[in-house]
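Inspection log for the structure reproduced underneath, given as structure tokens.
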Amino acid sequence: MKALDELTFDNRFARLGDAFSTHVLPEPLDAPRLVVASKAAMALLDLDPAVAETSVFAELFGGHKLWAEAEPRAMVYSGHQFGGYTPQLGDGRGLLLGEVYNEAGEHWDLHLKGAGMTPYSRMGDGRAVLRSSIREFLASEALHALGIPSSRALCVIGSSTPVWREKQERGAMVLRLAHSHIRFGHFEYFYYTKKPEQQAELAEHVLNLHYPECREQPEPYLAMFREIVERNAEMIAKWQAYGFCHGVMNTDNMSILGITFDFGPFAFLDDFDAHFICNHSDHEGRYSFSNQVPIGQWNLSALAQALTPFISIDALKEALGLYLPLYQAHYLDLMRRRLGLTTAEEDDQTLVEGLLKLMQNSGVDYTLFFRRLGDESAELAVKRLRDDFVDLARFDAWAERYKARVARDGDDTQEQRRARMHAVNPLYILRNYLAQNAIAAAESGDYSEVRRLHEVLTKPFEEQAGMEQYAQRPPDWGKHLEISCSS
Ligand code: AMP
Ligand code: MG
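Everything in the sequence shown is counted per this note's numbering, starting at 8 for the first residue and increasing by one.
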């Protein structure tokens, strides 16, 4: 266990120099205070969880203090936003404070979001509000607990600094952890600004630090791109299987590591709705729930374009062709497990699609359906779940098909079935209304609800005593909450 002043820095991205990032100091928040910290994320830095309660912790992550070895940098990148190219973006309100390595030898970027203005702030104020910082914190840690690759969050620091959005709010900072903060948009920036030397330097950096095994391949860059395609296919399969809607899948929000990254107006589905749009500003539904799958491929093609100086177009196309089949395979594998199946049959895809079609028209809770399906034998569970569906004749037909499929899968005891299904079907997910309750309390100075919700979400598959209220469908006010893009 380490104290705060014992972190070891090795700032590899900063060493790439001024073509890649700019030195900027964090702009402190007034009266910084701890809102919530993640013990699990602190463990990644070997930090003693007790240090979260010290005033130095709030000062460090509220922009007042800095380690002597930290080298705060704002990174430059660009990206495709809602399909159109924006030639220059960059860390407009976040800073890469430095890279820390832990006792296991892993490097973690410390990225402070809401740290003030940078040369890339454009029209923005460089700030993040408490509401969005809490949402990013909860989502990062909840996704990780579900087994979905994501950036992590160490803490949220609140303050008395006023920040203007639709109304006056309070500024906050969230400390994000990831092995890298390099985005698809980093590659796009150097490609479109025609800086081949820096483009090559960036590619070498990513290859050496994050995909060293690709060095062994005959075409290392191609192997790396293929790996990025594979990781994205797997990540998006998990989003779809668990009902996660990212909301702003612009290429500047896509991590080169295939992790969920840069949270805005995200949502987990309550009722299943394939057409759900969580981003209030996404009028055309470009990033609707079901569109995430083709958009994943669109984003990878944008990255492929930026990699054309290194990889032949035919090879890039071939690698891109891996995306959909891999996505399908991962998705089907997860959905089979969510249905309690241990074997694979040709027709399983239509079994899954048939269920989702029935859910779509019935307003069925996506999370609780699967959880309850595992509570009892297939026979009893479908009997009990039947009432939630509108088209009973079609549901009955599906249920017969499901029961027959379960019977063919092999016979195990109900105990085994429940344990197997509950291990992949969460009881607790980050519902928008739960986040909203925690945010409302935090905005009035009470952080206990954020902390409790975070704790519950760290063990989403385990039924926790006295936490029934976190496993409920939303009340009327909490359905279809519109989440604004302003954060
Ligand atoms: P996002 O949609 O949050 O991923 O942000 C897109 C771009 O806008 C990134 O370059 C951000 O750094 C920048 N940005 C977002 N909000 C702010 C803000 N309040 N101040 C400065 N830059 C911002
Ligand atoms: Mg972003």
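Positions of the beta carbon are idealized from the N, C-alpha and C atoms, including for glycine.
- Taken atom to atom, the span from the alpha-carbon of V463 to that of G24 is near 42 angstroms.
- For S384, the shortest separation between its Cβ and any heavy atom of ligand 1 does not lie below 8 angstroms.
- Contact check for V389 against F279 fails: the beta carbons are separated by 9 angstroms or more.
- Considered as a whole, the segment 351 to 435 harbours 355 to 367, 373 to 382, 385 to 392, 399 to 416, 421 to 429 as its complete alpha helix (DSSP H) runs of no fewer than 4 residues, in chain order.
- If you check the CB distance, A48 and C221 do not come in under 9 angstroms.
- Exclusion of the five residues before and after V43 leaves I141, F144, C162, V163, Y454, V457, R458, H461 as the residues of its chain whose Cβ lies within less than 8 angstroms of its Cβ.
- Out of G265, S262, D289, L264, the CA that lies nearest to the CA of F273 is found in D289.
- Contact between L96 and G192 holds: their C-beta atoms lie close to 6 angstroms from each other, under 8 angstroms.
- Under the three-state reduction of DSSP output, F64 falls in the helix class.
- In the three-state DSSP reduction, D278 falls in the strand class (E or B).
- Around ligand 2, the residues selected by a Cβ distance under 6 angstroms to any of its heavy atoms are D259, N260, D269, following chain order.
- Of all C-beta pairs linking the segment 308 to 316 to the segment 397 to 411, fewer than three are shorter than 8 angstroms, placing the two stretches out of contact.
- Contact between the segment 477 to 492 and the segment 81 to 94 is not established, with fewer than three Cβ pairs separated by less than 8 angstroms.
- For A47, no beta strand (DSSP E) encloses it; the enclosing alpha helix (DSSP H) starts and ends at 46 to 51.
- The beta strand (DSSP E) runs of length 3 or more contained entirely in the segment 50 to 115 are, from start to end of the chain, 80 to 82, 86 to 88, 91 to 93, 101 to 108.
- For the 9 angstroms CB-CB criterion, R412 and E352 form a contact.
- When beta bridges are read from the DSSP output, G178 appears opposite V136.
- Contact annotation: the segment 326 to 336 does not touch the segment 357 to 369, with fewer than three C-beta pairs closer than 8 angstroms.
- The segment 20 to 37 makes contact with the segment 115 to 128: 3 or more CB pairs, one atom from each, lie closer than 8 angstroms.
- Here DSSP, grouped into helix, strand and coil, assigns I243 to helix.
- Fewer than three pairs of CB atoms, one per stretch, sit closer than 8 angstroms, so the segment 203 to 217 makes no contact with the segment 294 to 311.
- Distance from the CA atom of A207 to the CA atom of P301, rounded to whole angstroms, is 29 angstroms.
- Selection R183, F197, S147 evaluated against T93 yields F197 as nearest (Cα-Cα).
- Under the three-state reduction of DSSP output, P272 falls in the coil class, being neither helix nor strand.
- In this structure, ligand 1 has no non-hydrogen atom nearer than 8 angstroms to the beta-carbon of L102.
- Here the segment 168 to 183 does not lie against the segment 148 to 155, with fewer than 3 beta-carbon pairs under 8 angstroms apart.
- Contact between F275 and L387 does not hold, since their C-beta atoms are separated by about 27 angstroms, which reaches or exceeds 8 angstroms.
- Within the segment 285 to 364, complete alpha helix (DSSP H) segments of at least 4 residues are found at 299 to 313, 320 to 327, 330 to 345, given in chain order.
- Remark: C-beta atoms of D132 and W171 approach each other more closely than 9 angstroms.
- Per the DSSP secondary-structure output, F251 pairs in a beta bridge with F275.
- Look at G121 here: in three-state DSSP terms it is coil, with no helix or strand label.
- Looking at the backbone, the Cα of D12 and that of W74 are separated by about 7 angstroms.
- For Y127, the distance from the CB to the nearest heavy atom of ligand 1 is below 8 angstroms.
- Its chain contains A326 as the residues whose beta carbon lies nearer than 6 angstroms to that of R233, once the 5 sequence neighbours on both sides are disregarded; these appear in chain order.
- Ligand 1 has a heavy atom closer than 8 angstroms to the beta-carbon of R134.
- Within the model, the alpha-carbon separation for S319 versus V136 is close to 44 angstroms.
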